[in-house]
């Protein structure tokens with residue numbers, strides 16, 4: 010049984026690492042530099058993370074620092090859960106997940122040895138979504154001890170990452186995930202996460218008449234506040250017509266390389 014557990018988990022970790030560079034996991038216990046919800050050392054780790062971005066981009070200000078630190082702490086569990094469900098057909102447990110914090114970045118993680126849950130996809134979404142919701146809420150409580158970020162902004166950024174992960178799934182499985190199915194998945198994930206209305210997928214019609222879905226953010230990631238920053242193509246600060254024009258150009262280029 011132990012051999013099978015390790016085989017299942019290793020297969021999942023290999024799959025996520027190959028699918029998304031940077032999402033590298035290992036089996037084991039959290040190390041001394043890992044961020045783990047509930048750990049006594051988390052406040053010091055989060056403070057060091059904040060200070061890194063304050064030092065690196067002092068001109069960007071607290072809105073940028075907060076948004077950057079928050080999204081760094083949640084991107085891995087979000088992508089791990091969604092890639093696990095939709096590419097691996099299983100959902101790993103996020104309990105005691107340790108995330109490596111090094112030089113201002115959160116990349117790499119560890120999971121205790123366990124058997125990921127296997128079930129029908131919609132059931133996996135419920136399981137993965139519920140534990141992801143719990144993890145992010147606890148993470149928000151801890152992050153809020155060292156920086157100021159409104160719960161509304163935090164949840165909208167969280168929803169953006171969820172939908173970005175779903176778009177990533179569709180891009181890698183376009184023959185299996187239609188626009189109609191992606192909209193169903195959008196509703197399922199946002200519902201179980203309690204994030205309805207915090208972000209959305211929008212339809213972009215390309216010059217050839219093909220319809221593609223894109224991220225319709227409802228909050229700015231604040232990247233434009235950096236000296237080297239700019240508004241991204243999905244930014245709600247852009248006028249709607251400009252946002253659509255930029256997204257159409259990007260999606261047309263993507264379609265040409267497929």
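Residue numbers (the numbering used here): 10 to 267. By construction, the Cβ of each residue, glycine as well, lies at the ideal position given by its N, Cα and C atoms.
Where the beta strand (DSSP E) containing residue i begins and where it ends
i           : result
residue 223 : 220-225
residue 39  : Segment: none, residue 39 is in no beta strand (DSSP E) and carries neither H nor E.
residue 186 : No beta strand (DSSP E) contains residue 186, which DSSP labels as neither H nor E.
residue 117 : 114-120
residue 158 : Unbroken run through residue 158: none, as it is neither H nor E.
residue 109 : 107-111
residue 214 : 209-214
Neighbour-count burial assignment, residue i, 16 or more Cβ in a 10 Å radius
i           : result
residue 219 : exposed
residue 11  : In this prediction, residue 11 has a pLDDT of 40, which is less than 50 and means its spatial position is unreliable; what the coordinates show is noted afterwards. The residue in question, residue 11, is exposed, as its Cβ has fewer than 16 Cβ neighbours within 10 Å.
residue 13  : With a pLDDT of only 46 at residue 13, under 50, the local geometry of the prediction cannot be trusted, and no value is derived from it.
residue 138 : buried
residue 118 : buried
residue 85  : buried
residue 256 : buried
residue 38  : exposed
residue 21  : buried
residue 265 : exposed
residue 97  : buried
residue 252 : buried
Nonlocal neighbours in the same chain, by C-beta distance under 6 angstroms from residue i, ignoring five residues either side
i           : result
residue 179 : 186, 191
residue 231 : 72, 73, 76
residue 225 : 209, 211
Contact set for residue i: own chain, Cβ-Cβ below 7 angstroms, skip 5 residues either direction
i           : result
residue 95  : 178
residue 88  : 29, 32, 174
residue 126 : 99, 100, 133, 136
residue 247 : 240
residue 141 : 86, 87, 90, 103, 202
residue 156 : 59, 74, 75, 78
residue 144 : 46, 86, 103
Length of the line joining the Cα atoms of residue i and residue j
i           : j           : result
residue 174 : residue 49  : 30 angstroms
residue 168 : residue 242 : 17 angstroms
residue 17  : residue 124 : 7 angstroms
residue 81  : residue 189 : 30 angstroms
residue 205 : residue 223 : 17 angstroms
residue 120 : residue 170 : 21 angstroms
residue 238 : residue 57  : 23 angstroms
residue 207 : residue 199 : 8 angstroms
residue 129 : residue 181 : 20 angstroms
residue 61  : residue 122 : 32 angstroms
residue 176 : residue 183 : 10 angstroms
residue 23  : residue 172 : 23 angstroms
residue 161 : residue 213 : 27 angstroms
residue 235 : residue 63  : 11 angstroms
N- and C-terminal bounds of the alpha helix (DSSP H) containing residue i
i           : result
residue 261 : 249-266
residue 150 : 130-152
residue 75  : 70-92
residue 45  : That residue, residue 45, is in no alpha helix (DSSP H); it is neither H nor E in DSSP.
residue 32  : Note, residue 32: premise wrong, no alpha helix (DSSP H); not H, not E.
residue 57  : 51-65
Close-in-space but distant-in-sequence residues of the same chain around residue i (CB under 8 angstroms, 5 per side omitted)
i           : result
residue 51  : 44, 45, 151
residue 249 : none
residue 65  : 113
residue 42  : 54, 109, 110, 111
residue 36  : 15, 18, 19, 22, 119, 120, 121, 122
Closer than 8 angstroms: residue i CB and nearest the ligand GTP heavy atom
i           : result
residue 241 : As presented, the structure is devoid of all ligands, the ligand GTP included, so that no description of it is given.
C-beta atoms of residue i and residue j nearer than 9 angstroms
i           : j           : result
residue 116 : residue 31  : yes
residue 158 : residue 76  : yes
residue 163 : residue 79  : yes
residue 93  : residue 40  : no
residue 260 : residue 215 : yes
residue 166 : residue 110 : no
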